[in-house]
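Going letter by letter, the sequence shown gives residues 27 to 105 in the numbering used here.
Ideal placement from N, C-alpha and C gives every residue a C-beta, glycine not left out.
All values reported here derive from a predicted model rather than from experimental measurement.
These notes concern the structure reproduced below.
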Amino acid sequence: YGRRGIRVNAICPGAVDTPMIHRIYPDKKGFQFLVEKNPMGKIASPEDIANTVLWLFSSMSAHVNGDVIFVDGGSSLTA
């Protein structure tokens, strides 16, 4: 469908700093583990994910098609 201007991409967020993640890790120790485990030393904000979506909608990503975009600060690269 690319020739018709239809692009298909997937965004795969890692941990995002939302109320849901704080319910999963209610104690600061568990949450801090997520932060320390992340290569960037922080977890994503909702704005980080939204900015990726906005980028995909923009002309700056006009030739991006069929991709899986990880927005996880590099967590998916660690063992």
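Contact check, residue i vs residue j, beta carbons under 9 angstroms
i: V42; j: S71; result: yes
i: S101; j: N77; result: no
i: V61; j: I69; result: yes
i: F59; j: H48; result: no
i: I75; j: I50; result: no
Opposing strand residues paired with residue i [DSSP bridges]
i: V97; result: P39
i: A70; result: V42
Buried versus exposed call for residue i [16 or more other C-beta atoms within 10 Å across all chains shown]
i: I32; result: exposed
i: D98; result: buried
i: G92; result: exposed
i: G67; result: exposed
i: G40; result: buried
Same chain only: Cβ atoms within 8 angstroms of residue i, ignoring 5 sequence neighbours per side
i: V90; result: R33, N35 and L82
Reduced DSSP secondary structure (H/G/I, E/B, other) of residue i
i: G28; result: helix
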